[in-house]
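Number of protein chains: 2
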Amino acid sequence: MATRDDARRRKPDGAPTRQQDPEGTRRNILEIASEEFALNGLSGARIDEIAARTRSSKRMIYYYFGDKEGLYLAALENAYRLVREGEAELDTDGLPPVEALRRLVEFTFDHHHQHESFIRMVMIENIHHADYLDRSEVIRQLNVTAIDNIAGIYSRGVAEAWFRPGLDPVDLHWQISALCFFNVSNRATFSRIFDRDLGSPEAQATLRGQVVDMVLRYVMRADRLAAE
Amino acid sequence: MATRDDARRRKPDGAPTRQQDPEGTRRNILEIASEEFALNGLSGARIDEIAARTRSSKRMIYYYFGDKEGLYLAALENAYRLVREGEAELDTDGLPPVEALRRLVEFTFDHHHQHESFIRMVMIENIHHADYLDRSEVIRQLNVTAIDNIAGIYSRGVAEAWFRPGLDPVDLHWQISALCFFNVSNRATFSRIFDRDLGSPEAQATLRGQVVDMVLRYVMRADRLAAE
DNA sequence: TGCACAATGTACGAACTAGATAGTTTGGTC
DNA sequence: GACCAAACTATCTAGTTCGTACATTGTGCA
Numbered sequence: 001m002a003t004r005d006d007a008r009r010r011k012p013d014g015a016p017t018r019q020q021d022p023e024g025t026r027r028n029i030l031e032i033a034s035e036e037f038a039l040n041g042l043s044g045a046r047i048d049e050i051a052a053r054t055r056s057s058k059r060m061i062y063y064y065f066g067d068k069e070g071l072y073l074a075a076l077e078n079a080y081r082l083v084r085e086g087e088a089e090l091d092t093d094g095l096p097p098v099e100a101l102r103r104l105v106e107f108t109f110d111h112h113h114q115h116e117s118f119i120r121m122v123m124i125e126n127i128h129h130a131d132y133l134d135r136s137e138v139i140r141q142l143n144v145t146a147i148d149n150i151a152g153i154y155s156r157g158v159a160e161a162w163f164r165p166g167l168d169p170v171d172l173h174w175q176i177s178a179l180c181f182f183n184v185s186n187r188a189t190f191s192r193i194f195d196r197d198l199g200s201p202e203a204q205a206t207l208r209g210q211v212v213d214m215v216l217r218y219v220m221r222a223d224r225l226a227a228e
Numbered sequence: 229m230a231t232r233d234d235a236r237r238r239k240p241d242g243a244p245t246r247q248q249d250p251e252g253t254r255r256n257i258l259e260i261a262s263e264e265f266a267l268n269g270l271s272g273a274r275i276d277e278i279a280a281r282t283r284s285s286k287r288m289i290y291y292y293f294g295d296k297e298g299l300y301l302a303a304l305e306n307a308y309r310l311v312r313e314g315e316a317e318l319d320t321d322g323l324p325p326v327e328a329l330r331r332l333v334e335f336t337f338d339h340h341h342q343h344e345s346f347i348r349m350v351m352i353e354n355i356h357h358a359d360y361l362d363r364s365e366v367i368r369q370l371n372v373t374a375i376d377n378i379a380g381i382y383s384r385g386v387a388e389a390w391f392r393p394g395l396d397p398v399d400l401h402w403q404i405s406a407l408c409f410f411n412v413s414n415r416a417t418f419s420r421i422f423d424r425d426l427g428s429p430e431a432q433a434t435l436r437g438q439v440v441d442m443v444l445r446y447v448m449r450a451d452r453l454a455a456e
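Residue numbers (the numbering used here), protein chains in the order written: chain A, 1 to 228; chain B, 229 to 456.
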């Protein structure tokens with residue numbers, strides 16, 4: 001298939017020619033818009049600035065996305081979709097429960113760390129009281145799988161007497177998310193206030209180990225822990 | 229002392245008279261500005277809107293705070309000061325280490341919960357990569373006491389063989405903060421995605437108990453846990 | 001080949017927004 | 001009661017920002 005990499009083709013005589021590429025234009029706009037919104041927020045991002053960085057024009061933004069809010073919503077949905085797709089890569093089948101849970105937490109920690117702009121979009125969305133997420137049919141459907149994964153690991157762990165019973169997988173997901181999310185979302189203020197660079201590889205390695213530890217200690221039976 | 233409650237006094241003939249009250253005007257502007265910034269963010273908040281809600285005027289905002297960023301910085305410092313002052317109310321002296329730590333975590337959880345607009349200011353500041361916090365001499369000085377408190381409890385706990393050794397009080401503070409902060413900061417998106425109202429008193433009580441549990445299990449020696 | 005419609009470029013305007021200018025009133029001091 | 005700095009009011013402006021009107025070009029299809 002002949003993909004179009006360059007935005008503008010040229011006629012044989014060298015004069016630029018308009019080229020139609022709806023999908024490419026749309027994608028290009030969405031990419032730039034996502035960066036700008038993640039960086040500056042909904043009200044902070046500027047349509048003109050987004051348009052300027054695009055290979056396209058402001059006219060096309062309105063043509064494809066309606067208005068600024070429509071563009072923001074599309075960027076938000078895109079961020080969720082990308083990240084949830086990435087999560088599908090995690091495979092804990094066949095691992096013993098404790099190892100599976102450790103793996104899940106490490107993966108979540110790393111994944112959040114690697115997708116800072118997704119984290120920022122979620123922060124921004126929370127500033128807006130999740131109003132736009134609420135309007136999105138798409139996003140809610142994307143979030144069930146994460147729970148299935150945890151629930152599976154947890155129930156195996158309980159069955160094999162490694163984990164204590166009575167915990168709720170959604171709550172577990174909440175706790176893991178809290179630690180992994182905060183690591184990215186509040187790094188700036190925490191680093192400044194306590195005068196530590198929490199973004200350094202060493203600091204991240206330490207935090208990661210502690211987060212794993214914290215979750216495992218929470219879930220595992222006390223008698224299993226004592227045996228360490 | 230004669231405090232001024234009404235913004236405008238009136239002459240005997242009933243005509244409004246201009247009244248001077250620098251401190252009151254400043255404080256009034258700061259209050260309204262804090263609300264608006266916490267609600268809408270730095271770029272989202274409107275000077276005109278703030279001025280309109282004030283008992284004062286736009287001119288006075290510039291008179292006292294220079295520009296929009298100056299006003300934002302003042303609001304940020306105010307938020308930190310208020311919350312840190314509130315934290316001083318916590319007293320764990322005389323409590324056994326485990327109870328003291330439990331108390332500390334519960335207090336932090338409740339305190340964050342009660343000061344949502346502070347949390348929002350910190351979120352907003354993180355969106356801005358803590359740039360304004362960086363410019364503030366005032367704020368950094370406010371944050372040492374929190375660590376002293378934790379450090380004291382922890383070292384007592386280790387000495388009395390309830391807590392395992394080798395943990396860093398700042399890291400501990402990080403973990404407690406992460407859980408308590410996330411509870412407020414991400415409530416909107418989490419509630420919507422998992423279709424639970426995490427703001428309800430019941431949900432909050434559950435989460436609170438789990439957070440306390442999580443921290444205690446992380447800090448306590450395994451043999452002490454097993455004895456429960 | 002020509003038609004209908006999708007995709008794109010250019011220019012502009014109405015509303016908004018941060019901030020400035022100019023002048024007035026107040027309360028304390030000597 | 002004259003004087004002055006601080007506190008305050010009313011009004012204006014330069015620049016920005018979202019969004020649109022109108023014109024033009026490309027493409028699939030009858």
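Note that CB positions come from ideal geometry on N, CA and C, so glycine has one too.
Residues of chain B with CB under 7 Å from residue i, in chain order?
i: residue 174 of chain A; result: 418
i: residue 226 of chain A; result: 450, 451, 454
i: residue 163 of chain A; result: Going along chain B, no residue has its Cβ under 7 Å from residue 163 of chain A, so there is no contact; the nearest lies around 13 Å.
i: residue 67 of chain A; result: Near residue 67 of chain A there are no residues of chain B at all, since even the closest Cβ is about 17 Å away, more than 7 Å.
Who are the neighbours of residue i on chain B, taking C-beta pairs under 9 Å?
i: residue 122 of chain A; result: 414, 417
Strictly below 8 Å CB to CB, what residues from chain A border residue i?
i: residue 322 of chain B; result: Under the 8 Å cutoff, chain A gives no residues; its nearest Cβ is about 28 Å from residue 322 of chain B.
i: residue 376 of chain B; result: None at all; the shortest Cβ gap to chain A is about 13 Å.
Should residue i be labelled buried (16 or more other beta-carbon atoms within 10 Å of its own) or exposed?
i: residue 157 of chain A; result: buried
i: residue 248 of chain B; result: exposed
i: residue 440 of chain B; result: buried
i: residue 27 of chain A; result: exposed
i: residue 220 of chain A; result: buried
i: residue 316 of chain B; result: exposed
i: residue 428 of chain B; result: exposed
i: residue 243 of chain B; result: Note that residue 243 of chain B scores a pLDDT of 39, beneath 50, so its modelled location is shaky and nothing firm can be said.
i: residue 372 of chain B; result: exposed
On the DSSP letters alone, give me the boundaries of the alpha helix (DSSP H) that residue i sits inside.
i: residue 271 of chain B; result: 250-272
i: residue 427 of chain B; result: Looking at the DSSP string, residue 427 of chain B is not in any alpha helix (DSSP H), and its letter there is neither H nor E.
i: residue 163 of chain A; result: Segment: none, residue 163 of chain A is in no alpha helix (DSSP H) and carries neither H nor E.
i: residue 97 of chain A; result: 97-114
i: residue 377 of chain B; result: 372-387
i: residue 449 of chain B; result: Per DSSP, residue 449 of chain B belongs to no alpha helix (DSSP H) and is neither H nor E.
i: residue 94 of chain A; result: Segment: none, residue 94 of chain A is in no alpha helix (DSSP H) and carries neither H nor E.
i: residue 183 of chain A; result: 169-185
i: residue 315 of chain B; result: 296-315
Just the chain B side, please: which residues come within less than 8 Å of residue i by C-beta, in chain order?
i: residue 170 of chain A; result: 422, 424
i: residue 43 of chain A; result: 268, 269, 271, 272
i: residue 114 of chain A; result: Simply none; closest approach about 18 Å.
Spell out whether any CB of chain B is found under 8 Å from the CB atom of residue i.
i: residue 223 of chain A; result: yes
i: residue 133 of chain A; result: yes
i: residue 125 of chain A; result: yes
i: residue 182 of chain A; result: yes
i: residue 87 of chain A; result: no
Cβ of residue i less than 8 Å from any chain A Cβ?
i: residue 357 of chain B; result: yes
i: residue 306 of chain B; result: no
i: residue 327 of chain B; result: no
i: residue 280 of chain B; result: no
i: residue 406 of chain B; result: yes
i: residue 256 of chain B; result: no
i: residue 276 of chain B; result: no
i: residue 438 of chain B; result: yes
Name, please, each residue of chain A whose Cβ falls closer than 7 Å to the Cβ of residue i.
i: residue 338 of chain B; result: Ordered by position in chain A, no residue passes the 7 Å Cβ test against residue 338 of chain B, which lies about 16 Å from the chain.
i: residue 368 of chain B; result: 193
i: residue 445 of chain B; result: 217, 218
i: residue 442 of chain B; result: 175, 214, 218
Kindly indicate which three-state DSSP category residue i falls into: helix, strand or coil?
i: residue 59 of chain A; result: helix
i: residue 54 of chain A; result: coil
i: residue 416 of chain B; result: helix
i: residue 136 of chain A; result: coil
What I want to know is whether the C-beta of residue i ends up closer than 7 Å to one or more non-hydrogen atoms of the ligand NAP.
i: residue 34 of chain A; result: Here there are no bound small molecules, and the ligand NAP is not part of this structure.
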